[in-house]
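S.K.: Protein chains in written order, with the working numbering: chain A, 8 to 126; chain B, 473 to 608.
Here you go, one structure.
Take a look at the structure:
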């Protein structure tokens, strides 16, 4: 089995790119691969807990919790997150908070890296 | 595992979106990554600007005065100060009429590195020599 690291930069709402990143992570994890998911830029807004799933909008919370249960490591860029007014106490449990070097360190040990750019 | 070479390819203009800025800050983060790695392991990014990515790199920026944010010029100086290789596509600079001497340097901060304005063929070689290529 291989290690895949996904860098996810787009926002949760407004495009389907974020959904693609999560579904890809799930597919890889289901095949038994080790998956790391890094959020930066607007994607960091998706780690806030208590998201209301209105059907006109994408939602991240329940999918992120499911990925965590499957053993996917998820980390948000702390600077990007606090810049958006989200504090650690408001985040989804078990999502890590770290600096950008977390992403580079995961890349170091990865067989494949997929960088999914933002807006 | 030793050193892992990365190519950061910036294709979008600075200030238009956040991603092009994040390419620079993620690259700079290589300086502290060793605290998360085993002894002897390193990550070496090369930061390459191509296409519209060459826009917004010029010296003389007033982003802090006008917007209250760090300018791209300041970030570029920091990349040079931490000894990152920064390559800017010569053909794309010419396409947009940006003179090569408009690129900032960080001599005033004591940096030895300078921005390298190079033909695209050299950026392609960086891509070929890297284990992972990240497009911003």
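Just so it is clear, CB atoms sit at the ideal spot from N, CA and C, and this is done for glycine as well.
Are residue 124 of chain A and residue 17 of chain A closer than 9 Å when you measure CB to CB?
M.R.: Their beta carbons are under 9 Å apart, which means residue 124 of chain A touches residue 17 of chain A by this criterion.
S.K.: Quick check on DSSP: helix, strand or coil for residue 603 of chain B?
M.R.: Residue state, collapsed to three classes: coil.
S.K.: Going along the segment 508-526 of chain B in order, which residues come within less than 7 Å of chain A, judged by CB to CB distance?
M.R.: So the list reads 508, 509, 513, 515, given in the order they occur along the chain.
S.K.: Assess, as a yes-or-no matter, whether the segment 106-122 of chain A is touched by the segment 502-515 of chain B under the definition of 3 or more beta carbon pairs within less than 8 Å.
M.R.: The segment 502-515 of chain B, when compared against the segment 106-122 of chain A, does touch it at the 8 Å Cβ threshold.
S.K.: Would you mind telling me which residues of chain A sit closer than 8 Å to residue 504 of chain B, beta carbon to beta carbon, in chain order?
M.R.: In chain order: 106, 108.
S.K.: Which residues in chain A have a C-beta closer than 8 Å to the C-beta of residue 491 of chain B? List them in chain order.
M.R.: Result: 16, 48, 124, 125, 126.
S.K.: Quick check on DSSP: helix, strand or coil for residue 480 of chain B?
M.R.: Here residue 480 of chain B sits in strand by DSSP.
S.K.: Residues of chain B with a CB under 7 Å from the CB of residue 112 of chain A: which are they?
M.R.: Within chain B, the residues near residue 112 of chain A are 505, 508, 509.
S.K.: Where residue 534 of chain B and residue 543 of chain B are concerned, what is the direct C-alpha to C-alpha distance, given to the nearest angstrom?
M.R.: Cα-Cα distance, rounded: 7 Å.
S.K.: Going by CA-CA distance only, name the one from B:566, B:547, B:567 that's closest to residue 558 of chain B.
M.R.: Considering only alpha carbons, the answer is B:547.
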